[in-house]
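K.L.:
My structure is below; once you've seen it, I'll send some questions.
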Amino acid sequence: WKTQGESVIVTAIYPRQNQEEELTSIKPLKAKGAEGFEATTAKGTQILYQAATNAPGPLKTAGLSAVGESLLLAIGPDGSRRGVALGCQSLLIAGKATAIPSADFEFEVVGAQLKTTPIYTPLQPVKIAPADTTAFVGQQVVTLSCATPKAEIRYTLDGSDPTLASPLYRGPLTLTSSTVVKARSFRPGTTIMPTTMSGTTTSVVSEASFAAIAPAKALTPPNTMPGLRYEYYEGSWQDLLSSTDRLTPVKSGVVDKLFDISPKGTAPTYAFKYSGYFEAPADGVYNFIAPPEFYEPNIMAAYELRLFLDGKEWYPATSRHALGTWSVALQKGKHDFQVYYADLRADGVAKMNKPGEKPMVWDGTVPNIQLSGPGINKGALAAQTFSYVK
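Per my numbering, the sequence shown runs over residues 644 to 1033.
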């Protein structure tokens, strides 16, 4: 049903199994403050449905009266009465109030008694924090939370999926070694692990890997200057993607910042190799965050991007936790830094992207790598953090 101001449009869709199973009748079931329909199936089942025009509102169908959002009642040929109530605040059977378990429930009327089964929406998955890093030095405090009120959280630290026998989360966890944290929420009162994936009694499993790592030692290069050295290459996209070691730079020099492509020529596909030093302002873990187009599957980046820090190559996380992030531990000071960026798009943007539609090929100018860490709020890589040997 769909609310339109003070009116409600109710549409009945009957999924017949064969041509003989037509509804024998269907007609509006209107009342003050409610709209609905009354239908009869070929087998004699009577179906009555009402939706409040201004929910919660008064609903009434064949001896049942309620205040709620909607009320569905099916009366079988044998007189059995079963139904569904949504957003229900109160329910009367033959004018007598009866207890209800929750706002949403399935029910069966037996005489003047009501047998109910609560209807639950899926539990929200557990959020594992911090959500923007995969590494730590010394120890890491991890917190778990769930947006579903009163949900119980159970967790494991050994890589296994949480069950009802797993520890109940009662407060922050302190990790001192590399650990895989898994957690899921449970509806209070659950005593048996479900055999289906409805998510109404337990949520999906949330997972996060935290690696205990040692900080890379800082370097002490002499005579450094602000900026980065660059080498500029031209060639086919195949060579720029896979044969970089055999390419000869067309030109080289110094730029003020990373991804400065002003020295490029007119070649449709080209590459830059930037090198120098990254300045870590303090000891700690630094998180390099990849641009979304680099790891999202719904768009072609059409560029190659490789980042090296102290000789180790960047490999952004591919799991949901800290997706697209590379976490490294650094001592305060300078660290060897290199980036290889190859733009392989040529005329791909003009050929494949259509005006007014979501682009198939990334149409930006240069990648936007972001950084967070001690003393650095998440943002673009600042030019002052880089230097080169004169």
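All residues carry an ideal CB built from backbone N, CA and C; glycine is no exception.
Just to confirm my understanding: we take Thr646, look at its own chain, exclude 5 residues before and 5 after, and list those with CB closer than 6 Å. What are they?
P.N.:
Caution is warranted here: a pLDDT of 43 is assigned to Thr646, below 50, making its placement in the model unreliable, and no coordinate value can be reported.
K.L.:
Could you give the first and the last residue of the continuous alpha helix (DSSP H) run that contains Glu936?
P.N.:
Run containing Glu936: 935-938, per the alpha helix (DSSP H) assignment.
K.L.:
With distance defined between alpha-carbon atoms, name the residue in Thr776, Ala1026, Asp747 nearest to Asp903.
P.N.:
Selected option, being the one with the closest Cα: Ala1026.
K.L.:
Can you give, in chain order, each stretch of the alpha helix (DSSP H) that sits fully within the region 671-699 and has at least 4 residues?
P.N.:
Counting only runs of 4 or more, we get nothing.
K.L.:
Taking 8 Å as the cut-off, decide whether the C-beta atoms of Gln732 and Val710 are in contact.
P.N.:
Going by C-beta atoms, Gln732 is nearer than 8 Å to Val710.
K.L.:
Bridge partners of Met868, per DSSP?
P.N.:
The partner list for Met868 (beta bridge, DSSP) reads Tyr1031.
K.L.:
Rounded to the nearest angstrom, what separates Leu766 and Pro805 at their Cα positions?
P.N.:
The straight-line gap from Cα to Cα measures roughly 15 Å.
K.L.:
Just list the residues that DSSP pairs Leu1036 with in beta bridges.
P.N.:
Past the boundaries of the shown model lies residue 1036; the chain is included only from 644 to 1033, so the question cannot be answered.
K.L.:
Tell me the rounded alpha-carbon separation between Pro831 and Leu818.
P.N.:
So the alpha carbons of these two residues sit roughly 27 Å apart.
K.L.:
Under 8 Å between the Cβ atoms of Glu936 and Tyr983?
P.N.:
Contact flag unset, no.
K.L.:
Quick check: the region 758-773 against the region 824-844, are there 3 or more CB pairs under 8 Å?
P.N.:
Touching, yes, given that three or more Cβ pairs across the two stretches are closer than 8 Å.
K.L.:
Less than 8 Å between the CB atoms is what I'm expecting for Pro934 and Ile1012, so what's the real figure, rounded?
P.N.:
About 7 Å separates the two Cβ atoms, so the contact holds.
K.L.:
What ranges does the alpha helix (DSSP H) occupy inside the region 750-808, keeping only unbroken runs of at least 4 residues that lie completely in it?
P.N.:
As far as the region 750-808 is concerned, it has no whole alpha helix (DSSP H) run of at least 4 residues.
K.L.:
If you drop the 5 nearest sequence neighbours on each side, which residues of the same chain put their C-beta closer than 8 Å to that of Leu987?
P.N.:
Excluding residues within five positions, the ones whose Cβ falls inside 8 Å are Trp880, Leu883, Leu884, Thr912, Ala945, Tyr946, Glu947.
K.L.:
Check the C-beta distance from Ala925 over to Lys894 and give it rounded, since I have them as a contact under 8 Å.
P.N.:
Their Cβ separation, rounded to whole angstroms, is 36 Å, which puts Ala925 and Lys894 out of contact at 8 Å.
K.L.:
Which word fits Leu734, buried or exposed, when buried means at least 16 other C-beta atoms lie within 10 angstroms of its C-beta?
P.N.:
Burial call: buried.
K.L.:
Taking all protein chains shown into account, do 16 or more other C-beta atoms lie within 10 angstroms of the C-beta of Pro671, making it buried, or fewer, making it exposed?
P.N.:
Its Cβ having fewer than 16 others within 10 Å, Pro671 is exposed.
K.L.:
Would Tyr920 and Lys997 qualify as a contact pair, given that the criterion is a beta-carbon distance under 8 Å?
P.N.:
Not closer than 8 Å, so no.
K.L.:
At the level of alpha carbons, what is the spacing between Asn697 and Val823?
P.N.:
Each residue's Cα considered, the two are about 49 Å apart.
K.L.:
Classify Ile835 as buried or exposed, calling it buried when 16 or more other Cβ atoms lie within 10 Å of its own Cβ.
P.N.:
Ile835 comes out exposed.
K.L.:
Using a 10 Å radius around the Cβ and a threshold of 16 neighbouring Cβ atoms, would you call Ser846 buried or exposed?
P.N.:
By the 10 Å Cβ count, Ser846 comes out buried.
K.L.:
Roughly how many angstroms lie between the CA atoms of Leu787 and Ser1015, to the nearest whole one?
P.N.:
For Leu787 and Ser1015, the distance between alpha carbons rounds to 22 Å.
K.L.:
Between the Cα of Ala742 and those of Leu702, Lys758, Ala854, spot the shortest distance and give me the residue it belongs to.
P.N.:
Measuring from the Cα of Ala742, the nearest candidate turns out to be Lys758.
K.L.:
Using beta-carbon positions only, say whether Ala705 and Gln693 come within less than 8 Å of one another.
P.N.:
Cβ atoms of Ala705 and Gln693: not closer than 8 Å.
K.L.:
Taking 8 Å as the threshold (beta carbon to beta carbon), is Thr799 in contact with chain D?
P.N.:
Looking for chain D here will not work: only one protein chain is present.
K.L.:
With contact counted as at least three CB pairs below 8 Å, one residue from each stretch, are the region 675-692 and the region 714-733 in contact?
P.N.:
They touch, by the three-pair rule.
K.L.:
Which residue from Ile736, Ala746, Leu890 puts its Cα closest to that of Ala728?
P.N.:
With distances taken between Cα atoms, Ala728 lies closest to Ala746.
K.L.:
What's the gap between the Cα of Trp644 and the Cα of Thr654?
P.N.:
The pLDDT assigned to Trp644 is 38, lower than 50, so where the model puts this residue is not dependable; a value taken from the coordinates is nonetheless given after this. If I take the Cα positions, the gap works out to 6 Å.
K.L.:
Going by DSSP, what residue range makes up the beta strand (DSSP E) through Ser713?
P.N.:
Unbroken beta strand (DSSP E) run through Ser713: 713-718.
K.L.:
In three-state terms, what does DSSP make of Val824?
P.N.:
DSSP places Val824 in strand when its eight states are reduced to three.
K.L.:
Label Ala808 either buried or exposed according to how many other C-beta atoms from any shown protein chain fall within 10 Å of its C-beta, with 16 as the threshold for buried.
P.N.:
With fewer than 16 Cβ atoms within 10 Å of its Cβ, Ala808 is classed as exposed.
K.L.:
So which of Gly991, Thr909, Leu666 has the shortest CA-CA distance to Lys686?
P.N.:
The shortest C-alpha separation from Lys686 is found at Leu666.
K.L.:
By alpha-carbon positions, which one of Val897, Ala854, Asp953, Gly842 ends up nearest to Thr764?
P.N.:
Of the listed residues, the one whose Cα sits closest to Thr764 is Gly842.
K.L.:
Compute the beta-carbon to beta-carbon distance between Ser821 and Ala855, rounded to the nearest angstrom, for a pair I have assumed lies under 8 Å.
P.N.:
Right, their Cβ atoms sit about 5 Å apart.
K.L.:
Does the beta-carbon distance from Glu877 to Gly896 come in below 8 Å?
P.N.:
Against a cut-off of 8 Å, the Cβ pair of Gly896 and Glu877 comes out as no contact.
K.L.:
Count the other CB atoms within 10 Å of the CB of Ile796; is the residue buried (16 or more) or exposed (fewer)?
P.N.:
By the 10 Å Cβ count, Ile796 comes out buried.
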